[in-house]
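S.K.: Just so we're aligned, residue 54 is where the sequence shown starts under our numbering, counting upward by one.
My questions will all concern the structure given below.
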Amino acid sequence: MAESAVPISTLPYPPVHRDKKFVVLSDWDGTITTFDSNDYLTDNYGYGKEKRRQGNFDVLAGKMTFRDSFKEMLDSVVVNGHTFEQCKDILRNNIVLDPGFKEFHAWCKANDVPVIIVSSGMAPLIRAILANLIGEESANEIEIIANDVAINDNGTWAIQYRHPSSGFGHDKSQAILPYRDLPEPPVLFFFGDGVSDISAAKHADALFVKQKEDGENDLASYCIREGIRHVLFRDFSQALGMVEAIVKGTQTVEDVVGPHLTPQVQA
Ligand SMILES: [Mg+2]
């Protein structure tokens, strides 16, 4: 399903951090938050968990693009009559941050490591949840590279993809690759958990994959199948120790994420 052409972005990017030794890029839903907000909406207000999981599996198996599967999920919430403002309220009341993220973010800020959210979700929802959880000021400091939303006069809404021509909708590799072209590229950390991170997985120096108690370890399954080295993390307080070791030079990337893996042979 990977598409080699560089997709045209319909939305702007923040400037590349040119002079940093380390940069953190992280998925938002289910990674910085404990539960994926779009999954939450779909499972409870859209067509339900069973169909949503089938969509995730179809994406993993390459039977459907993430772009089309994700739009179906969100459209099922719209069809059931939920406005975008209602969705914002639902998520403000139900989505919480990873218990270690605030401290992780503060440490990165103090150590000159930019943290950029790279999400397939819609930026206005992310900002609303983030402001609710860490305050407006801190929320505004964090860069967000995500998709957007179009809201119609009749209250219906639809996701607006950053890369409509890409099967990923938002090809997250496009947030990472500009760093590779810098004269002195930083070490790139990427944090993720699910099918929305497939486009980013192989482009990070150190890939952190969030462990899931509910068995929805889609990014881990993908990495194992494709032979992409990664390290599992439970929450950001645990990840902070590993990032700190690399930044301070007490451990190498290889020490933390291990050697490159061999892809599993498809039967
Ligand atoms: Mg996610």
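Positions of the beta carbon are idealized from the N, C-alpha and C atoms, including for glycine.
1. Considering only DSSP beta bridges, list what Leu241 is partnered with.
2. Below 8 Å CB to CB, which residues in the same chain sit around Val59 once its five sequence neighbours on both sides are set aside?
3. Taking all protein chains shown into account, do 16 or more other C-beta atoms lie within 10 angstroms of the C-beta of Asn207, making it buried, or fewer, making it exposed?
4. Count the other C-beta atoms from every protein chain shown that fall within 10 angstroms of the C-beta of Val168, then say buried if there are 16 or more, exposed otherwise.
5. Report the CB separation of Tyr98 from Ile143 in whole angstroms; it is logged as a contact under 8 Å.
6. If you follow the beta strand (DSSP E) that Asn200 is part of, which residue opens it and which one closes it?
7. Less than 8 Å between the beta carbons of Tyr214 and His223, yes or no?
8. CB of Ser249 to nearest heavy atom of ligand 1: below 7 Å?
9. Between which residues of its own chain and Met54 is the CB-CB distance below 7 Å, once the five residues before and five after are set aside?
10. Pull up the CB-CB distance for Glu194 and Ser290, whole angstroms please, since I reckon it's below 8 Å.
11. Counting only the same chain and skipping the five closest in sequence on each side, list residues whose C-beta sits under 7 Å from that of Ala320.
12. The alpha helix (DSSP H) with Leu260 in it runs from where to where?
13. In angstroms, rounded to a whole number, what distance separates the CA positions of Asp82 and Phe154?
14. Can we say the stretch 132-142 touches the stretch 277-289, given the rule of at least three CB pairs closer than 8 Å?
15. Ends of the alpha helix (DSSP H) at Ile277?
16. Can you name the start and end residues of the beta strand (DSSP E) that Ala114 belongs to?
17. Sorry if obvious, but does the Cβ on Thr322 come closer than 7 Å to a heavy atom of ligand 1?
18. Okay, do the stretch 163-183 and the stretch 64-82 touch, 3+ Cβ pairs below 8 Å being the bar?
19. Going by DSSP, what residue range makes up the beta strand (DSSP E) through Ile179?
20. Is Thr86 helix, strand or coil by DSSP?
21. Please classify Ser122: does DSSP put it in a helix, a strand, or coil?
22. For the beta strand (DSSP E) containing Val285, list its first residue and its last residue.
M.R.: Short version:
1. Val76
2. Gln227
3. exposed
4. buried
5. 7 Å
6. 196-204
7. yes
8. yes
9. Bear in mind that a pLDDT of 45 at Met54, under 50, signals an unreliable position, so the number given afterwards is only what the model happens to contain. Excluding positions up to five away in sequence, the list reads Gly115, Thr118, Gly220.
10. Glu194 to Ser290, Cβ: 21 Å. No contact.
11. Only weak support exists for where Ala320 lies, its pLDDT of 46 falling under 50; the value from the coordinates is given anyway. Here the set comprises nothing.
12. Leu260 -> not in any alpha helix (DSSP H); beta strand (DSSP E) instead, spanning 259-263.
13. 13 Å
14. no
15. 271-279
16. Careful: Ala114 lies outside any beta strand (DSSP E) and carries neither H nor E.
17. The chain is shown only over 54 to 320; residue 322 falls outside these bounds and no answer can be derived.
18. yes
19. No beta strand (DSSP E) contains Ile179, which is instead part of the alpha helix (DSSP H) from 176-187.
20. strand
21. helix
22. The sequence shown places Leu at residue 285, not Val. Start and end: 284-286.
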